[in-house]
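Colleague: Counting in our numbering, the sequence shown runs from 47 upward without gaps. Backbone N, C-alpha and C fix where the C-beta goes; we use that ideal spot for every residue, glycine too. This one's a predicted model, so the numbers in the text were calculated from it and none came from an experiment.
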Amino acid sequence: RKVSKYLTEIEYNDPSHSDIIKIVPYKYEGLFAPSASEMHERIKTDIQQQIFGAVNKMDIPVALNRIIELARVKYFQEHRKDDPSCSGFKPEDILKVDPKDLNMRVLEGKPRPLFDHSKFHVSKSSLQTYDTCPYKFKLQNIQKTPSTKPSTHLDFGGSIHKMIDSLMKEDPKNIPTKENAMQKLKEKLVFRAFQSNNEEQYHMTRGEVIIENYLEWRKNNKNEILGTEIWIEFEFEGVKIKGKVDWLEKNANGEYEVVDFKTGKTAQSQTKVEEGLELYVYARGIEKKKGYEKLPVKASLYFIEADKQVAIDLDESKVKKVFEDKIKD
Numbered sequence: 047r048k049v050s051k052y053l054t055e056i057e058y059n060d061p062s063h064s065d066i067i068k069i070v071p072y073k074y075e076g077l078f079a080p081s082a083s084e085m086h087e088r089i090k091t092d093i094q095q096q097i098f099g100a101v102n103k104m105d106i107p108v109a110l111n112r113i114i115e116l117a118r119v120k121y122f123q124e125h126r127k128d129d130p131s132c133s134g135f136k137p138e139d140i141l142k143v144d145p146k147d148l149n150m151r152v153l154e155g156k157p158r159p160l161f162d163h164s165k166f167h168v169s170k171s172s173l174q175t176y177d178t179c180p181y182k183f184k185l186q187n188i189q190k191t192p193s194t195k196p197s198t199h200l201d202f203g204g205s206i207h208k209m210i211d212s213l214m215k216e217d218p219k220n221i222p223t224k225e226n227a228m229q230k231l232k233e234k235l236v237f238r239a240f241q242s243n244n245e246e247q248y249h250m251t252r253g254e255v256i257i258e259n260y261l262e263w264r265k266n267n268k269n270e271i272l273g274t275e276i277w278i279e280f281e282f283e284g285v286k287i288k289g290k291v292d293w294l295e296k297n298a299n300g301e302y303e304v305v306d307f308k309t310g311k312t313a314q315s316q317t318k319v320e321e322g323l324e325l326y327v328y329a330r331g332i333e334k335k336k337g338y339e340k341l342p343v344k345a346s347l348y349f350i351e352a353d354k355q356v357a358i359d360l361d362e363s364k365v366k367k368v369f370e371d372k373i374k375d
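#1: Please state if the CB of Ile350 and the CB of Tyr260 are separated by a distance shorter than 8 Å.
#2: Measuring straight from C-alpha to C-alpha, what distance separates Gln229 and Asp211?
#3: In whole angstroms, what is the alpha-carbon distance linking Leu341 and Glu216?
#4: Which two residues bound the contiguous beta strand (DSSP E) that contains Asp306?
#5: So the beta strand (DSSP E) Gly134 belongs to, where does it begin and stop?
#6: Leaving out five residues before and five after Asp311 in sequence, what residues of the same chain have Cβ atoms less than 6 Å from its Cβ?
#7: Ends of the alpha helix (DSSP H) at Lys90?
#8: Taking its Cβ as the centre, do 16 or more other Cβ atoms sit within 10 Å of Pro222, making it buried, or is it exposed?
#9: Could you give the DSSP three-state label for Ile350: helix, strand or coil?
#10: Under three-state DSSP, which class holds Gln355?
#11: Just mark Met209 as buried or exposed, buried being the case when its beta carbon has 16 or more other beta carbons within 10 Å.
#12: Just to confirm my understanding: we take Tyr176, look at its own chain, exclude 5 residues before and 5 after, and list those with CB closer than 6 Å. What are they?
#13: Alpha carbon to alpha carbon, what distance is there between Asp129 and Leu325?
#14: Could you give the uninterrupted runs of the beta strand (DSSP E) lying entirely in the segment 268-293, keeping only those of 3 residues or more?
#15: Between Lys290 and Glu275, is the Cβ-Cβ spacing less than 8 Å?
#16: To the nearest angstrom, report how far apart Lys336 and Phe369 are at their CA atoms.
#17: Evaluate Ser171 with the Cβ neighbour count: other Cβ atoms within 10 Å of its Cβ, from every protein chain shown; 16 or more gives buried, anything less gives exposed.
#18: Between the alpha carbons of His207 and Glu154, how many angstroms are there, rounded?
#19: With 16 other CB atoms within 10 Å as the buried threshold, where does Phe202 fall?
#20: Report the rounded CA-to-CA distance for Ser133 versus Arg126, giving the unit in angstroms.
#21: Leaving out the 5 sequence neighbours to the left and right, which residues in its chain are closer than 6 Å to Tyr338 when beta-carbon positions are compared?
#22: Pull up the CB-CB distance for Lys344 and Glu303, whole angstroms please, since I reckon it's below 8 Å.
#23: Over the uninterrupted alpha helix (DSSP H) stretch that includes Arg126, give me the two end residues.
#24: What is the rounded straight-line gap between the Cα of Lys234 and the Cα of Ser83?
#25: Using 8 Å as the threshold, is the C-beta distance between Leu391 and Lys372 below it?
#26: How would you write the range of the alpha helix (DSSP H) that Asp361 sits in, first residue to last?
#27: Spell out the partners DSSP gives Ala345 in its beta bridges.
#28: Within 10 angstroms of the Cβ of Leu200, are there 16 or more other Cβ atoms? Answer buried if so, exposed if not.
#29: Cα separation between Gln186 and Gln174?
#30: Cutting at 6 Å between CB atoms, please list the residues of its own chain near Lys354, excluding the five before and the five after it.
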């Protein structure tokens, strides 16, 4: 194609164009040195991809080899200080198989139930899935259809949750600095779903905004923090419901309040939050948990990036109605 007649070619060495072309010297010195945690996570991600590739090709020896190597990396992370040479790592432990776990009935052509009722359980997220799309619930929770594509959204959100939980467990009484929080996020960040360095940097920038909002929220929160990532498990209509409560606190009146962190870019409306199931499940789970055994009076979703907290008031009649009308069926 011909160059447009409206464009004038600029000569690089023409001094008359010095005000148009400006060359900024590159002053970077040194080498990029990721932290040990970042390097370990990248190594684990590479090995996981090799495992998936070997399994898809049914190259079982290679898959087993890479699984053992992945276990060794995990062992090194856990014993870096007391056993840096991994002398205590035993590959044979990885290969121990319980015959009860083998699907011999399938190999022998014998029918087997789609799932074991005695072991079946649901989480708050799977209940939410069932409420919006029963077929998707069937694929994920009954037929156990695997997801083949890594989810950037889930990986990023999980890293934010791990960062908050880790900071709280290290120093529950004090608010961390932004620098400490950013460093912790880098340690917890999962890289497998990021397709490029630009995408990774984009999420790190989002992470910085989330951290700034979270720290400001902490400063303005006057309630007493009781715990993070609290495991709940209870039965309803013969089905076990399991999950984790992101954040539990006690207000000035001694009443419990639940907070669930959300890392999406937009916040939900008040109506949408009230129609959801998760906050009611969390509230019932806290009431059923030993050591707490009291229904929270309030539960909220805090959309950290949007810096918006949407709360609902709770009482026994409201929680019972949701379980009877929406979850029981």
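Modeller: Straight from the coordinates:
#1: yes
#2: 14 Å
#3: 28 Å
#4: 302-308
#5: Per DSSP, Gly134 belongs to no beta strand (DSSP E) and is neither H nor E.
#6: It is Lys, not Asp, that sits at residue 311 in the sequence shown. These residues qualify, in order along the chain: Glu351.
#7: 82-102
#8: buried
#9: coil
#10: strand
#11: buried
#12: Phe183
#13: 43 Å
#14: 270-282
#15: yes
#16: 21 Å
#17: exposed
#18: 44 Å
#19: buried
#20: 11 Å
#21: Ile332
#22: 4 Å
#23: Note, Arg126: premise wrong, no alpha helix (DSSP H); not H, not E.
#24: 8 Å
#25: For the chain, the structure presents residues 47 to 375; residue 391 sits outside this window and is missing.
#26: First-last for Asp361: undefined, no H or E at that position.
#27: Val304, Ile358
#28: exposed
#29: 12 Å
#30: Ala313
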